[in-house]
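Residue numbers (full-length UniProt numbering), protein chains in the order written: chain A, 1 to 191; chain B, 1 to 191.
Just so it is clear, CB atoms sit at the ideal spot from N, CA and C, and this is done for glycine as well.
Here the structure is a predicted model, which means the values were calculated and not measured.
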């Protein structure tokens with residue numbers, strides 16, 4: 001379906017607000033126009049290109065926000081975090097992350113992004129994974145950008161546990177989902 | 001408790017048969033004698049040192065036994081495998097596998113050993129993890145040798161699924177346990 005330029009630019013703007021990580025190629029395919037048209041639309045609307053949009057998000061250094069581990073131990077890049085509430089990271093899948101034979105990303109890399117995000121979201125000095133249930137929903141390939149969202153869904157302070165639900169998507173499609181039960185040192189209120 | 005030399009050597013022999021990966025240090029601690037005494041016992045009993053025992057096991061090259069992935073993609077070293085039945089691997093935890101802050105092995109490395117063993121045990125050209133439930137039972141540290149055992153417990157050919165139970169131990173204590181549901185291409189009988 002073709003939109004008028006005005007309609008397209010309106011929808012384009014909304015699409016980028018909803019998903020700042022959408023690429024020009026994805027937008028071109030979605031609106032059935034050329035990548036060049038999308039670039040011109042963005043220029044007219046003063047929307048920076050994807051790389052600049054990501055830089056803008058990453059300009060905030062989350063090093064001082066994450067407590068449970070040094071930020072360079074997080075697999076993927078944290079792009080938003082509110083401790084004990086939610087966290088968001090992106091992980092770009094490269095050739096070294098996939099099976100040689102079929103080009104599908106190896107499970108432990110997706111798990112590593114998810115698990116380290118589950119550790120990072122904890123508002124405490126120590127966080128360890130106790131139990132996890134994970135689903136590999138859809139194959140991921142080199143070149144894919146995986147966006148993981150971790151949501152803290154509950155706590156059991158008597159057992160020093162925090163419960164997290166996590167979803168990883170590629171182009172808004174779920175590729176991985178997991179539940180994590182984390183052990184943590186006692187929360188501030190109990191010290 | 002101290003044993004007589006004869007008793008000790010008999011028990012030592014049985015202990016090494018039960019667990020070929022036991023170290024001289026572990027044996028010394030178990031029998032409450034010096035490491036030197038264990039070495040002399042082994043010499044008298046003609047039991048090679050741990051490194052040689054492992055080499056003996058690893059002398060068999062499993063490259064032609066594993067079908068679902070090239071053997072260099074397995075995390076850890078496979079030391080025994082019977083396709084669609086069971087598999088065994090060892091993984092030596094090094095400094096690069098642990099959290100800087102607390103020296104505890106990162107979950108995704110234990111998961112990587114387990115998950116790649118679950119892939120390797122499948123008697124088919126393609127195997128992908130669909131679902132997994134895992135428990136991190138006990139912290140693992142640098143210097144630990146993790147032995148993973150994968151056991152195929154069931155199949156659902158109509159859904160191309162294989163079910164695997166996996167246990168990882170350090171010095172005979174369980175550190176990690178998991179259940180894996182694997183997708184595979186159709187078995188030979190159905191081709």
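Cβ distance (whole Å) where residue 28 of chain B is taken to contact residue 38 of chain B below 8 Å: Translated into positions along the second chain, residue 28 of chain B becomes position 28. Translated into positions along the second chain, residue 38 of chain B becomes position 38. Right, their Cβ atoms sit about 5 Å apart.
Tell me which residues of the stretch 94 to 126 of chain B have at least one Cβ-Cβ distance to chain A shorter than 7 Å, keeping chain order. 99, 100, 101, 102, 104, 107, 108, 111, 112, 115 and 126
Output yes if chain A places a C-beta closer than 8 Å to the C-beta of residue 142 of chain B; else output no. For the purposes of this step, residue 142 of chain B is taken as the residue at position 142 of the second chain. So no, residue 142 of chain B is outside the interface.
Grouping DSSP H, G and I as helix and E and B as strand, with all else coil, what is residue 18 of chain A? On the first chain, residue 18 of chain A is found 18 positions in, with the first residue counted as 1. Three-state result, residue 18 of chain A: helix.
Among A:78, A:129 and A:42, which residue has its Cα nearest to the Cα of residue 163 of chain A? Within the first chain, residue 163 of chain A is the residue found at index 163, counting from 1. For the residues A:78, A:129 and A:42, the minimum Cα distance to residue 163 of chain A belongs to A:129.
With a threshold of 8 Å between beta-carbons, can residue 90 of chain B be considered close to chain A, or not? Mapped onto the second chain, residue 90 of chain B falls at position 90. No, no contact with chain A.
Step through the CB atoms of chain B and report whether any lies within less than 8 Å of the CB of residue 136 of chain A. In the first chain, the residue the question calls residue 136 of chain A occupies position 136. Output row for residue 136 of chain A: interface = yes.
Please classify residue 113 of chain A as buried or exposed, where buried requires at least 16 neighbouring CB atoms within 10 angstroms. As a first step, residue 113 of chain A must be located in the first chain, where it is residue number 113. By the neighbour-count rule (16 or more Cβ atoms within 10 Å), residue 113 of chain A is buried.
Residue 48 of chain B touches chain A at which residues, Cβ-Cβ below 9 Å? The sequence position of residue 48 of chain B within the second chain is 48, counting from 1. Under the 9 Å cutoff, chain A gives no residues; its nearest Cβ is about 34 Å from residue 48 of chain B.
Let me check understanding here. Comparing Cα to Cα, which of A:76, A:183 and A:156 lies closest to residue 135 of chain B? Residue 135 of chain B sits at position 135 when you count from the first residue of the second chain. Residue 135 of chain B has its Cα closest to that of A:183, out of A:76, A:183 and A:156.
Helix, strand or coil for residue 10 of chain A per DSSP? For this step, residue 10 of chain A is matched to residue 10 along the first chain. Note: residue 10 of chain A maps to helix in three-state DSSP.
For the candidate residues B:65, B:50, B:108 and B:123, whose alpha-carbon lies nearest to that of residue 160 of chain B? In the second chain, the residue the question calls residue 160 of chain B occupies position 160. Among B:65, B:50, B:108 and B:123, the Cα nearest to that of residue 160 of chain B belongs to B:123.
Listing by chain order, which chain A residues have their CB less than 7 Å from the CB of residue 133 of chain B? Here residue 133 of chain B refers to the residue found at position 133 of the second chain. Near residue 133 of chain B (Cβ distances below 7 Å), the residues of chain A are 133.
Going by C-alpha distance, which of B:9, B:23 and B:99 is nearest residue 170 of chain B? Residue 170 of chain B sits at position 170 when you count from the first residue of the second chain. Selected option, being the one with the closest Cα: B:23.
Which residues, in order along the stretch 149 to 177 of chain A, keep a beta-carbon less than 7 Å from a beta-carbon of chain B? none
What residues match up with residue 146 of chain A in a beta bridge as DSSP calls it? Position 146 of the first chain, counted from the start, is the residue given in the question as residue 146 of chain A. A:91, per the DSSP bridge assignment.
Candidates A:131, A:145 and A:157, of which the one nearest residue 179 of chain A by Cα: Within the first chain, residue 179 of chain A is the residue found at index 179, counting from 1. The shortest C-alpha separation from residue 179 of chain A is found at A:131.
In the DSSP assignment, what are the bridge partners of residue 182 of chain A? Counted from its first residue, the first chain places residue 182 of chain A at position 182. Answer is A:129 and A:162, bridged to residue 182 of chain A.
Please name the residue, chosen from B:117, B:8, B:154 and B:45, that lies closest to residue 167 of chain B on a Cα-to-Cα basis. Position 167 of the second chain, counted from the first residue, corresponds to residue 167 of chain B. Comparing Cα-Cα distances from residue 167 of chain B to each of B:117, B:8, B:154 and B:45, the minimum goes to B:117.
Output needed in chain order: residues of the stretch 59 to 75 of chain B with a Cβ under 8 Å from some Cβ in chain A. 69, 70, 73 and 75
Looking at the secondary structure, which residues open and close the beta strand (DSSP E) in which residue 80 of chain B lies? Stepping through the second chain from its first residue, residue 80 of chain B is reached at position 80. Unbroken beta strand (DSSP E) run through residue 80 of chain B: 77 to 82.
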